[in-house]
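K.L.:
The structure is given below, and queries will be raised subsequently.
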Amino acid sequence: MLKSGDVVVADFADVKPQAEGMETFFLVLDTEGTKVLATPITSKASAKLSLRIAATITKDDVQPIDIGCEGFVQLDRIISLNQNTCRRAGSLKNDKLDKILRLFTRYAASIYFNNFHKPRERKNIPAAGKLIDEDDLFNAIDASLDMWLTAGRFAQAFESKFSEKIGAKHCALVNSGSSANLLALSALTSRKLGEKRLKPGDEVITVAAAFPTTITPIVQNNLVPVFVDIELGTYNFNPELLEKAVSKKTRAIFIAHTLGNPFDVEKAKGVAAAHNLWFVEDNCDALGSEYNGKYTGTFGDLATFSFYPAHHITMGEGGAVITADPRLYDIVSSMRDWGRDCWCPPGRDNTCGKRFEWKLGSLPEGYDHKYIYSHLGYNLKVTDFQAAIGLSQLAKLDKFVKKRQDNFRLLYSGFKRMGLDEYFILPRWLPKSDPAWFGFSLTVNERAQFHRKELIEFLEKKGIGTRLLFAGNILRQPAFTDTALRFRVIGELENTDRVCRDNFWIGVWPGISNKDIEYILEVFESFLNGQKTVRGRTA
Ligand SMILES: Cc1ncc(COP(=O)(O)O)c(C=O)c1O
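The opening residue of the sequence shown carries number 281 in the working numbering; numbering runs sequentially from there.
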């Protein structure tokens, strides 16, 4: 009986030897009863250019026979043979068969992708979206063929490639940006940090014009958020207010680079250093942004990332925490992985070499280290499917960032050129910043005689997606007005409220083409022309 991986000689002469002195070999891919699914091993010379998916087989891959010369397996030439017409000549090494069968699924996936996932003409222009290609699908399939299911080789590869790209010493991959934020803040409460740990009632400086899960981990850890106002245009904290927010109870600064636009990193670092505060960057919207020539996310004690589809790269759901501090990395990893003390990767035991020799807590001597918990933890790991998609997306990060920046520039110059900026506060960025923009943010200004609602309804009707600046002013959200939360506000959150009322953003993500941008500008112009006419008539 033949089996997968067997190399056979077929007795029927449909397929002629491909090279002088080479017999016609077939590689068996599968068997079912007397039927054999096989593909010819051809000589390289005969390989046609039309081949979409092919693998080379060298002499060393096949045992015990010599296939004559280097062979070539074409996965688009699979045929069905009868067992009785085949003579077994040898078999392919298992790891080579594994590679070839993975290529086979890749071939099928490629056909599927071209039919169902190829970018098509869009009717609308969403504010955010994912850009996926065949490689992302292949990687997801590759990970599923492993059937490892939890975090495995792809997660490890992502952590190390991501660290290398960003310039981080340590990276803990997690299942979302929100989980990354929760872990970053929770890690700072670890008793392993001694006196520097955050304790209930300690204050954390942040802004209220934020994504909710930048704020909620502060509250969930029984800490007190202290809100400073933002600046219009950058939508980041007002640097002058940061120092004013520090009290005797302040222990940390935890703020996002809003819409990919780096905040004043020097100010934040300076205040943190002067008052011995932890500094955490929520970099979820700013992957690829630079401040002073360095990636944002590399300035804080900890930084967080999101790989949700709207973000610079995606793995569906995913996030990461990075740090240069090995102690913080250990705490983050422990809290991500149930709070355990053990650091073995999934599926491995005894990497510490003394699994049954620990004495911690009041547990019996030698209690299995795998089941010792030094933190109140969570399970926030990713699966390898997610990490695999992240890996192929990461390879495209620079391209994605460039397109975001190009789109931003086209919109910005278009608004200026067409005089559309008369009615808006345009985005502003710091001289030392090179933002990998998340969106193009606009605040309707005092000169405009229309309300934001009218404009965004008009844009949405014309197929242009709009988004608000997340929670606007988080203190006005029902989750915050309905509960007796403890927080402190520095002065009036005047600009935060202004954003809540008058701000929105449109997309710059890499799926938006130059033609889309022209259309966006035209639609803005037609809305504003309408406004001018109305005003002309009523004036
Ligand atoms: C600034 C910021 N932080 C955190 C998050 C949460 O990320 P995720 O959606 O992956 O949980 C987001 C989400 O978009 C965000 O914009």
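Each residue gets a CB set at the ideal place from its N, CA and C atoms; glycine is no exception.
Do L773 and N794 come within 8 angstroms of each other at the CB atom, strictly closer than that value?
P.N.:
The count along the sequence shown starts at 1 and reaches residue 794 at position 514. The count along the sequence shown starts at 1 and reaches residue 773 at position 493. Their beta carbons are not under 8 angstroms apart, which means N794 does not touch L773 by this criterion.
K.L.:
Within the present structure, is the beta-carbon of F750 separated from the nearest heavy atom of ligand 1 by less than 7 angstroms?
P.N.:
Walking along the sequence shown from the start, residue 750 turns up at place 470. The answer is yes for F750.
K.L.:
So the alpha helix (DSSP H) R400 belongs to, where does it begin and stop?
P.N.:
Walking along the sequence shown from the start, residue 400 turns up at place 120. First-last for R400: undefined, no H or E at that position.
K.L.:
For D621, collect the residues of the same chain with a Cβ closer than 6 angstroms to its Cβ; drop the 5 residues on either side in sequence, then sort them by chain order.
P.N.:
Taking the sequence shown and counting its residues from 1, one reaches residue 621 at position 341. Cβ neighbours of D621 beyond the five flanking positions: I652, S654.
K.L.:
What residue ranges within the segment 538-596 form continuous beta strand (DSSP E) runs of no fewer than 3 residues, ordered along the chain?
P.N.:
558-562, 582-586
K.L.:
If you reduce the DSSP assignment to three classes, tell me which class D714 lands in.
P.N.:
Stepping through the sequence shown from its first residue, residue 714 is reached at position 434. Looking at D714 - three-state DSSP - the assignment turns out to be strand.
K.L.:
Do the segment 716-730 and the segment 688-695 touch if we need at least three Cβ pairs shorter than 8 angstroms?
P.N.:
yes
K.L.:
Can you tell me which of the three DSSP states K742 falls into?
P.N.:
Against the sequence shown, residue 742 aligns to sequence position 462. If DSSP states are grouped into helix, strand and coil, K742 belongs with coil.
K.L.:
Among the candidates L801, I800, V769, whose CA atom is the shortest distance from the CA of S527?
P.N.:
Within the sequence shown, residue 527 is the residue found at index 247, counting from 1. When only C-alpha atoms are compared, the closest one is V769.
K.L.:
Based on the DSSP secondary-structure assignment, which residues constitute the bridge partners of V779?
P.N.:
Start at 1 with the first residue of the sequence shown, and residue 779 comes out as number 499. Note: V779 sits in no beta bridge, so no partner.
K.L.:
State the DSSP-derived secondary structure class of P505, mapped to helix, strand or coil.
P.N.:
Here residue 505 refers to the residue found at position 225 when the sequence shown is read from its first residue. Here P505 sits in strand by DSSP.
K.L.:
Measuring straight from C-alpha to C-alpha, what distance separates K403 and G743?
P.N.:
Taking the sequence shown and counting its residues from 1, one reaches residue 403 at position 123. Taking the sequence shown and counting its residues from 1, one reaches residue 743 at position 463. Taking the straight line joining both Cα atoms gives about 7 angstroms.
K.L.:
Buried or exposed for F384, please, with buried defined as at least 16 other CB atoms from any protein chain shown within 10 angstroms of its CB.
P.N.:
Taking the first residue of the sequence shown as 1, we reach residue 384 at position 104. Buried, because 16 or more other Cβ atoms sit within 10 Å of the Cβ of F384.
K.L.:
CA-CA distance, I321 and Y609?
P.N.:
The residue you call residue 321 lines up with position 41 of the sequence shown. The residue you call residue 609 lines up with position 329 of the sequence shown. Cα to Cα, I321 sits roughly 50 angstroms from Y609.
K.L.:
Tell me the residue span of the alpha helix (DSSP H) that contains V612.
P.N.:
Residue 612 sits at position 332 when you count from the first residue of the sequence shown. 606-616 is the span of the alpha helix (DSSP H), which, as asked, contains V612.
K.L.:
In the DSSP assignment, find the alpha helix (DSSP H) that holds V681 and state where it starts and stops.
P.N.:
Here residue 681 refers to the residue found at position 401 of the sequence shown. First-last of the alpha helix (DSSP H) with V681: 677-697.
K.L.:
Please return the same chain residues whose Cβ sits closer than 7 angstroms to the Cβ of F804, not counting the five positions on each side in sequence.
P.N.:
Residue 804 sits at position 524 when you count from the first residue of the sequence shown. If we look at F804 and ignore the five residues flanking it on each side, its Cβ neighbours are L700.
K.L.:
State yes or no: is the C-beta of S569 nearer than 7 angstroms to some heavy atom of ligand 1?
P.N.:
Residue 569 sits at position 289 when you count from the first residue of the sequence shown. Answer for S569: no, Cβ out of range of ligand 1.
K.L.:
Tell whether a beta-carbon distance below 8 angstroms holds between R747 and F784.
P.N.:
Taking the first residue of the sequence shown as position 1, residue 747 is located at position 467. Taking the first residue of the sequence shown as position 1, residue 784 is located at position 504. Yes; because the gap between Cβ atoms is below 8 angstroms, this pair is in contact.
K.L.:
Would you check if the distance between the CB atom of D617 and the CB atom of N461 is smaller than 8 angstroms?
P.N.:
Within the sequence shown, the letter at position 337 stands for residue 617. Within the sequence shown, the letter at position 181 stands for residue 461. It is not a contact, given that the beta carbons lie outside the stated cut-off.
K.L.:
Does the beta-carbon distance from G285 to V308 come in below 8 angstroms?
P.N.:
Residue numbering aside, residue 285 sits at position 5 when the sequence shown is read from its first letter. Residue numbering aside, residue 308 sits at position 28 when the sequence shown is read from its first letter. Taking 8 angstroms as the Cβ cut-off, G285 and V308 qualify as a contacting pair.
K.L.:
Does the beta-carbon distance from P715 to N516 come in below 8 angstroms?
P.N.:
Residue 715 sits at position 435 when you count from the first residue of the sequence shown. Residue 516 sits at position 236 when you count from the first residue of the sequence shown. Their beta carbons are not under 8 angstroms apart, which means P715 does not touch N516 by this criterion.
K.L.:
According to DSSP, is K283 part of a helix, a strand, or is it coil?
P.N.:
Residue numbering aside, residue 283 sits at position 3 when the sequence shown is read from its first letter. Coil, per DSSP.
K.L.:
Please confirm if R778 has its CB atom under 8 angstroms from at least one CB of chain D.
P.N.:
The displayed structure is made up of one protein chain only, and chain D is not part of it.
K.L.:
Using the DSSP secondary-structure output, state which residues sit across from G474 in a beta bridge.
P.N.:
On the sequence shown, residue 474 is found 194 positions in, with the first residue counted as 1. Its beta-bridge partners do not exist; DSSP assigns none.
K.L.:
Look up D482 in the DSSP assignment and say whether it is helix, strand or coil.
P.N.:
Here residue 482 corresponds to residue number 202 of the sequence shown, with the count starting at 1. It is coil, neither helix nor strand.
K.L.:
Measure the alpha-carbon distance for T631 versus E414 and round it to whole angstroms.
P.N.:
The residue given as residue 631 occupies position 351 in the sequence shown. The residue given as residue 414 occupies position 134 in the sequence shown. Cα-Cα distance, rounded: 37 angstroms.
K.L.:
What is the residue span of the alpha helix (DSSP H) that T494 lies within?
P.N.:
Taking the first residue of the sequence shown as position 1, residue 494 is located at position 214. From DSSP, the alpha helix (DSSP H) with T494 extends over 492-500.
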